[in-house]
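Residue numbers (my numbering): 393 to 730.
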């Protein structure tokens, strides 16, 4: 049984099955049950409760509990971005070994960790309309993948994810003003307005989603389950209609570490890409990358994680044989005479 140590804990390596891999390609998303241990989920929940109650503070951000009434707090604590750059726990979740195990199989083995988001979604808070994540986070080649870690039970009542299976084969639809990414090189793609708008009549992706009638799937999950989904799939969530149930989640976004990433969550960066601002989670890359601020073990700072997929021995190529057939030969094996 393969184990991995991270933050003083031992984690059993998760091995993605062939069927899981096929499901991700066919459906555009994959739910892995029980991937994150319950003790890790509980640690994050206690932290989020402390933030909401004002017992903990995000560095550089005023505690809201002393200046907002209850309704204002609900709106304030809807989602928070990029806390992995401010808090060790969020960095550990973004680089969770079990999540990275799955990403290695789906988009790796080289994985770059880009973004973290924390969703509170308290009772009464709204959802998010149809959208494609690659519209907001461009990677070239496009290898974006989200990992949605359930911290509470998420179901239809409290606003679970809804995934439009099959829409992962759609291109990324651009807006008309060019503020976000879209595949404008396609001659007849047109443009869309109001991605993420909760009103279907205003959201320009509704007409795309209606091509997949009957294929929208609600991803109902329990704490510790993780929903993996590619950057093209149309997905949304509805409001939390429950009276007293939270729907908290931690979401990370990742890409293959050999993709070029001109994105830094709206913050500045030098040059044409911001790869040097994002953490090398697994594998290797020829592109720049960042170190984890709080030292969470990953490929950027742990050589074993960077090297374990390196092929031993000489590189091989398919070469022609004298009889006209093809065979594998080591590079430099043959001596060619002029």
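Cβ coordinates follow ideal geometry from the N, Cα and C atoms, glycine included.
List the DSSP bridge partners of residue i.
| i | result |
| --- | --- |
| residue 538 | 621 and 645 |
| residue 499 | None; residue 499 has no bridge partner. |
| residue 507 | 645 |
| residue 712 | 718 |
| residue 672 | 504 |
| residue 652 | 532 |
| residue 424 | 618 |
| residue 546 | 613 |
| residue 472 | 510 |
| residue 682 | 671 |
Starting from the C-beta of residue i, find all residues in its chain whose C-beta is less than 7 Å away, skip the five residues before and the five after it, and write them out in chain order.
| i | result |
| --- | --- |
| residue 710 | 718 and 720 |
| residue 415 | 422 |
| residue 530 | 573, 654 and 655 |
| residue 727 | Interpretation of residue 727 is limited by its pLDDT of 48, a score under 50 that renders its predicted location unreliable; the figure taken from the coordinates is listed afterwards. Excluding positions up to five away in sequence, the list is empty. |
| residue 442 | 448 |
| residue 684 | 483, 487, 671, 690, 692 and 693 |
| residue 354 | The question about residue 354 has no answer here: the residues shown for the chain are numbered 393 through 730. |
| residue 712 | 718 |
| residue 436 | 481, 485, 543 and 642 |
| residue 492 | 503, 673 and 674 |
| residue 716 | none |
| residue 610 | 548, 552 and 554 |
| residue 433 | 543, 615 and 616 |
Identify, in the order they occur along the chain, each residue of the same chain with its Cβ nearer than 6 Å to the Cβ of residue i, setting aside the five sequence neighbours on each side.
| i | result |
| --- | --- |
| residue 731 | Since the first residue shown for the chain is 393 and the last is 730, residue 731 is missing from the structure and cannot be characterised. |
| residue 652 | 532 and 665 |
| residue 730 | Summary for residue 730: the model assigns pLDDT 48, below 50, so the residue's position carries little reliability, and this model does not support an answer. |
| residue 604 | 556, 558 and 559 |
| residue 644 | 486, 508 and 539 |
| residue 601 | 522, 556 and 626 |
| residue 408 | 494 and 497 |
| residue 472 | 510 |
| residue 794 | The requested residue 794 does not occur in the structure, where the chain is confined to residues 393 to 730. |
For residue i, which residues from the same chain have a beta carbon less than 8 Å from its beta carbon, with the 5 sequence-adjacent residues on both sides left out?
| i | result |
| --- | --- |
| residue 641 | 510, 511, 513, 540, 541, 542, 543, 544 and 546 |
| residue 648 | 499, 500, 502, 503, 504, 531, 533 and 535 |
| residue 581 | 563, 565, 566, 574 and 575 |
| residue 458 | With a pLDDT of only 49 at residue 458, under the threshold of 50, the placement of this residue in the model should not be trusted; the figure read from the coordinates follows. Correct list, in chain order: 446. |
| residue 451 | 478 and 479 |
| residue 682 | 668, 669, 670, 671, 672 and 692 |
For the putative contact between residue i and residue j, defined by C-beta atoms under 8 Å, what is the C-beta separation to the nearest angstrom?
| i | j | result |
| --- | --- | --- |
| residue 474 | residue 507 | 7 Å |
| residue 626 | residue 597 | 6 Å |
| residue 621 | residue 420 | 6 Å |
| residue 413 | residue 490 | Not really, about 16 Å apart at Cβ, beyond 8 Å. |
| residue 678 | residue 650 | 7 Å |
What is the residue span of the alpha helix (DSSP H) that residue i lies within?
| i | result |
| --- | --- |
| residue 419 | 410-419 |
| residue 523 | Where residue 523 is concerned, there is no enclosing alpha helix (DSSP H), although the beta strand (DSSP E) it sits in stretches over 520-523. |
| residue 402 | From DSSP, residue 402 is part of no alpha helix (DSSP H) but of the beta strand (DSSP E) over 401-404. |
| residue 600 | 598-601 |
Specify, as a first and last residue, the run of the beta strand (DSSP E) that residue i falls within.
| i | result |
| --- | --- |
| residue 556 | 553-556 |
| residue 445 | First-last for residue 445: 430-445, but that is the alpha helix (DSSP H), not the beta strand (DSSP E). |
| residue 478 | Where residue 478 is concerned, there is no enclosing beta strand (DSSP E), given that its DSSP letter is neither H nor E. |
| residue 610 | 608-611 |
| residue 450 | It is not in any beta strand (DSSP E) - residue 450 carries neither H nor E in the DSSP assignment. |
| residue 583 | Premise fails: residue 583 is in no beta strand (DSSP E) and is neither H nor E. |
| residue 640 | Premise fails: residue 640 is in no beta strand (DSSP E) and is neither H nor E. |
| residue 627 | 627-629 |
Say yes only if the C-beta of residue i is nearer than 7 Å to one or more non-hydrogen atoms of the ligand GTP, and no if none qualify.
| i | result |
| --- | --- |
| residue 489 | For the structure depicted, the ligand GTP is absent and the ligand set is empty, with no information on it obtainable. |
**Report entry** At least 3 beta-carbon pairs within less than 8 Å: the stretch 545-563 vs the stretch 484-496
**Finding:** No, the stretch 545-563 does not touch the stretch 484-496.
Report task. Check whether the stretch 423-435 touches the stretch 610-618, taking contact to mean three or more Cβ pairs, one atom from each stretch, closer than 8 Å. Result -> Short answer: they touch.
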